[in-house]
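Chains as they are written, first to last, in this note's numbering: chain A, 1 to 112; chain B, 1001 to 1115.
What follows is the structure, given as structure tokens:
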């Protein structure tokens, strides 16, 4: 069935570097996308979202890019810090639904 | 933002026993709540939608007689894992929608270990 997937299961970066986490989705009916951060033993924490009528959205140190042509979503974290170490999930809300469907997740490891 | 709590945060039980997990919306009302299951190093999988005042809606492949859901009030949903087995060991997470479309608040999760 259609699903949201990720290219890289683990990403290791040095503190201060910029991080890019990628996500591929296959459901063209999805109209809303969210990035969540999950620290070990905790629930998902909202980071940033983007609607399908946008291609870029910026937050504090984070930027989400959406390329609907190739069904690709990315999360960019500027000046990555050790506290950013976590698993990052992209999720999609399929058209008409407000329940997020989660992708596989990428583990971000930030080395001091 | 709104806060969703879960209790207990972790539980260890013997095989064959039943375990109840609570999900509460602390400062808002939720007519709907969602239950997810997450195995180690895997993603969150939606198990069921809990509806206040009516039966829960289960996702395909989730046994409704094994995972009993009761939405007792506008702030409380419970998930009971009946006759638990080691393969039920997982991280169970609930969420509740906020006032705005697409807004979801997640609980901190409950780690269930079945011996």
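Don't be surprised by glycine CBs; every beta carbon is placed ideally from N, CA and C.
Counting only beta-carbon atoms, is residue 1044(B) nearer than 8 angstroms to chain A?
-> yes
Determine the chain B residues that contact residue 103(A) at a beta-carbon separation under 7 angstroms, and present them in chain order.
-> 1043
So is residue 55(A) in contact with chain B if we call contact Cβ pairs under 8 angstroms?
-> no
Tell me, please, which residues DSSP counts as bridged to residue 1105(B).
-> 1096(B)
Comparing the C-beta of residue 1093(B) with each C-beta of chain A, is any distance below 8 angstroms?
-> yes
Of the choices 95(A), 86(A), 41(A), whose alpha-carbon is the least far from that of residue 105(A)?
-> 86(A)
Is it true that the CB of residue 62(A) sits closer than 8 angstroms to the CB of residue 77(A)?
-> yes
So which of 95(A), 88(A), 33(A), 98(A) has the shortest CA-CA distance to residue 9(A)?
-> Per the Cα distances, 88(A).
Put residue 20(A) into one of helix, strand or coil per three-state DSSP.
-> strand
Evaluate residue 1071(B) with the Cβ neighbour count: other Cβ atoms within 10 Å of its Cβ, from every protein chain shown; 16 or more gives buried, anything less gives exposed.
-> buried
Residues from the region 41-73 of chain A in contact with chain B, defined by Cβ distance under 9 angstroms | Those residues of the region 41-73 of chain A that come within reach of chain B (Cβ to Cβ, closer than 9 angstroms) are 41, 42, 43, 44, 45, 46, 49, 51.
Distance, residue 1087(B) Cα to residue 1019(B) Cα | 14 angstroms
Out of 1011(B), 1015(B), 1052(B), which has the shortest C-alpha to C-alpha gap to residue 1096(B)?
-> 1052(B)
Test: residue 1107(B) CB closer than 8 angstroms to a CB of chain A = yes
Closer than 7 angstroms, Cβ to any Cβ of chain B: which residues of the region 3-35 of chain A, in chain order?
-> 32
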